[in-house]
Amino acid sequence: MYFDVDVEKSKVDWKRFENDVSEIFEKFGYSVKRDVRFKTSGRFQIDLIAYDEKRCFFVDCKDHRYIAPAQEETFIMKQKIRAENYIKLKPELQYKKKIILLVTRNKTGSLMNHTEAGAKVFGVDVAGLQDLLVNIYRYDEELYYF
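Counting in the numbering used here, the sequence shown runs from 2 upward without gaps.
Listed below in structure tokens is the structure:
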């Protein structure tokens with residue numbers, strides 16, 4: 002059996018990144034489910050679901066330095082489909098504010114800059130996630146709810 006150290010290292014690093022994101026949400030009082038896999042009309046996987054009494058974040062962790070707005074929207078729409086399918090299994094979530102959020106490992110210029118009139122915040126780099134959660138009410142109108 003062949004063991005590729007670089008591939009295995011990248012898996013560990015990726016899992017560490019997802020765990021770091023989870024820990025940030027937990028630090029702000031959110032309960033977190035990691036690597037949620039389920040089946041409804043198809044097989045689905047959501048990196049993280051973080052929720053409190055008011056909000057439920059469906060988080061897609063990405064390792065991108067830049068996400069073009071069109072690609073970002075594609076990621077968001079796919080995550081929305083996964084989230085809608087998950088909610089079919091967990092109807093108690095339908096009464097919370099449901100938010101789709103991309104969290105990138107690397108600082109990116111595309112995500113938090115979507116705040117001009119009418120635009121939505123689709124995501125944040127991991128360094129800005131804490132600021133987003135601390136100032137959640139400031140961003141409330143700009144987050145992508147569905």
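Virtual Cβ for every residue (Gly too), placed ideally from N, Cα, C.
In this structure, Glu-27 is the residue among Ser-42, Thr-41, Glu-27 with its C-alpha nearest to the C-alpha of Arg-35.
In terms of CA proximity to Val-33, Ile-50 leads the group Leu-102, Ile-50, Asn-20. Residue pairing of Asp-48 in beta bridges, as defined by DSSP: absent, with no partner found. With contacts defined as CB atoms closer than 8 Å, Cys-62 and Val-104 qualify as a contacting pair. With fewer than 16 neighbouring CB atoms inside 10 Å of its own CB, Gly-30 falls in the exposed class. Relative to Val-22, the option among Tyr-145, Asp-126, Tyr-138, Ile-88 whose CA is nearest is Asp-126. According to the DSSP assignment, Arg-38 belongs to the beta strand (DSSP E) that extends over 32 to 40. Across the structure, Gly-129 and Lys-99 are spaced so that their CA atoms are roughly 20 Å apart. Residue Val-37 holds the alpha-carbon nearest to the alpha-carbon of Tyr-87 among Val-37, Glu-19, Asn-20, Ile-68.
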